[in-house]
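In this text, residue positions in the sequence shown follow our numbering: the first is 355, and each later residue adds one. Think of the CB as a built atom: it goes at the ideal place given N, C-alpha and C, for glycine as much as any other residue.
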Amino acid sequence: MRLVVICIGRLKQGPERELAERYRERFDDIGRKLGFRGLDIHDIAESRARDTNARIAEEAAAIAALMPDKHVLVALDERGKSIDSASFARQLGRWRDDGIANTVFVIGGADGLSPELQRKASLRIAFGSATWPHQMVRVMLLEQIYRAATILAGHPYHRA
355 MRLVVICIGR LKQGPERELA ERYRERFDDI GRKLGFRGLD IHDIAESRAR DTNARIAEEA
415 AAIAALMPDK HVLVALDERG KSIDSASFAR QLGRWRDDGI ANTVFVIGGA DGLSPELQRK
475 ASLRIAFGSA TWPHQMVRVM LLEQIYRAAT ILAGHPYHRA
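Okay, structure coming up:
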């Protein structure tokens with residue numbers, strides 16, 4: 355199974371980008387041994403449309419254009435479900451074992467994700483009830499993906 359992260363907004367050079375890349379590299383090292391085919395990250399520039407609905411629609415179209423065929427969609431949404439790391443790992447493992455070709459994680463922009471993308475999501479997750487900047491959500495998501503791989507591998511990184 356390939357993991358794909360699609361983000362509205364770009365990470366500039368700096369500590370967030372370095373940390374995100376560190377977790378992606380760590381996942382690549384352990385993920386291949388677990389049957390994961392890789393982790394792709396796609397940045398999409400924020401829409402410049404003046405109207406909120408137009409921005410959301412433009413961003414949704416750009417997201418949809420990057421989604422591979424045969425995928426499960428996971429939306430990062432502040433109103434989503436808060437799940438613990440072990441449950442997240444079990445879900446990724448189930449999708450992998452069920453032969454899902456791609457799991458796509460989507461991080462929306464400042465206006466959020468389109469209702470259509472939210473409806474299509476098999477899972478909507480939140481990192482608590484607080485609103486986080488998309489740069490931080492990306493880092494937290496990549497850390498959780500890496501942590502999930504370590505849980506599936508029985509690696510001691512996750513101590514719960």
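Residue i versus residue j: straight-line alpha-carbon distance, rounded
i: G482; j: E432; result: 7 Å
i: L388; j: E372; result: 24 Å
i: G453; j: A440; result: 20 Å
i: R391; j: R356; result: 5 Å
i: R402; j: H512; result: 41 Å
7 Å CB neighbourhood of residue i in its chain, flanking five on each side removed
i: M421; result: V458
i: A475; result: L427, V428 and A429
i: I417; result: I360, I398, V460 and L471
Residue burial classification, residue i (beta-carbon count within 10 angstroms, cutoff 16)
i: S436; result: exposed
The beta strand (DSSP E) enclosing residue i, as first and last residue numbers
i: D431; result: H425 to K435
i: I479; result: L477 to I479
Cβ pair residue i, residue j closer than 9 Å
i: G462; j: I362; result: yes
i: E412; j: L467; result: no
Host alpha helix (DSSP H) of residue i (start-end)
i: R380; result: P369 to G385
i: I499; result: H488 to A507
Cβ-based neighbour list, residue i, same chain, cut-off 8 Å, excluding 5 preceding and 5 following
i: V493; result: E370, L373, A374 and Y377
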